[in-house]
Amino acid sequence: MAGRTGKPVKRHLAFWDASALVPLCVAQSTTPRIITLYKTYEAVVWWATPVKIASALARLVRMKLLDASDWAKSRRLAEALADAWFVIQPTDALRSKAAQLVDRYDLRAADGLQLAAGLEWCEDVPQGRLFLTLDQKLREAAVLSGFDGKQV
Numbered sequence: 009m010a011g012r013t014g015k016p017v018k019r020h021l022a023f024w025d026a027s028a029l030v031p032l033c034v035a036q037s038t039t040p041r042i043i044t045l046y047k048t049y050e051a052v053v054w055w056a057t058p059v060k061i062a063s064a065l066a067r068l069v070r071m072k073l074l075d076a077s078d079w080a081k082s083r084r085l086a087e088a089l090a091d092a093w094f095v096i097q098p099t100d101a102l103r104s105k106a107a108q109l110v111d112r113y114d115l116r117a118a119d120g121l122q123l124a125a126g127l128e129w130c131e132d133v134p135q136g137r138l139f140l141t142l143d144q145k146l147r148e149a150a151v152l153s154g155f156d157g158k159q160v
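The opening position of the sequence shown corresponds to residue 9 in the numbering used here, with each subsequent residue numbered one higher.
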């Protein structure tokens, strides 16, 4: 992305939960807002985010909200987007942190891992860092952990 001077425009980083990335792959009511955020904030993600997105797209097919052609387009778009993401890799420390978080905030396992990855990204100093998710429970846990949980 280049500015008026032709120099690259620096974008801010934010941690993106898979739920906030799915609307970039398939049109949903939140897609316009998510596109605006994606133009502003580069994505830092948990290493299994592509699997979570694939699962969400497959669920839309099973619900007959997405046909095979649109599913294929959405998968290709997700793969293209993933090339630009900063990925937090799994570690033993991240797994241990996630186990604590699921207990503390009553999160599902994958959400605990995503929140732990977000905390890993900011080296456990989430103040002033953005955590983007469409999942209200995960958003609340992120805010309680110190993240800015901007409403999406």
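The beta-carbon is built from N, C-alpha and C at its ideal position, and this holds for glycine as well.
Residue(s) in a DSSP beta bridge with residue i
i	result
Tyr-49	His-20
Gly-140	Going by the sequence as given, residue 140 is Leu instead of Gly. In DSSP, Leu-140 forms a bridge with Trp-24.
Same chain, Cβ closer than 6 Å to residue i, neighbours up to 5 away in sequence not counted
i	result
Leu-176	Outside the displayed span of the chain (9 to 160) sits residue 176, for which this structure offers no information.
Ala-66	none
Arg-147	Thr-141 and Gly-157
Presumed contact (8 Å Cβ cut-off) between residue i and residue j, rounded CB distance
i	j	result
Thr-141	Asp-25	4 Å
Ala-106	Leu-121	5 Å
Phe-23	Val-52	5 Å
Ala-62	Ile-42	The pair is not a contact, with the Cβ atoms about 18 Å apart (cut-off 8 Å).
Distance, residue j Cα to residue i Cα
i	j	result
Leu-138	Lys-60	20 Å
Ala-150	Val-160	14 Å
His-20	Ala-64	26 Å
Trp-54	Ala-125	6 Å
Lys-47	Arg-83	20 Å
Arg-103	Pro-31	28 Å
Gln-144	Thr-38	14 Å
Asp-156	Gly-136	6 Å
Asp-78	Arg-112	39 Å
Residue i: CB within 7 Å of a non-hydrogen atom of the ligand NAD
i	result
Arg-83	No copy of the ligand NAD appears in this structure; indeed no ligand is present at all.
Own chain partners of residue i with C-beta closer than 7 Å, once the 5 adjacent residues on each side are dropped
i	result
Ser-153	Leu-123, Leu-127 and Pro-134
Val-95	Val-53 and Trp-55
Where the beta strand (DSSP E) through residue i begins and ends
i	result
Val-133	First-last for Val-133: undefined, no H or E at that position.
Same chain only: Cβ atoms within 8 Å of residue i, ignoring 5 sequence neighbours per side
i	result
Tyr-49	Arg-19, His-20, Leu-21, Ala-22, Trp-24, Leu-138 and Leu-140
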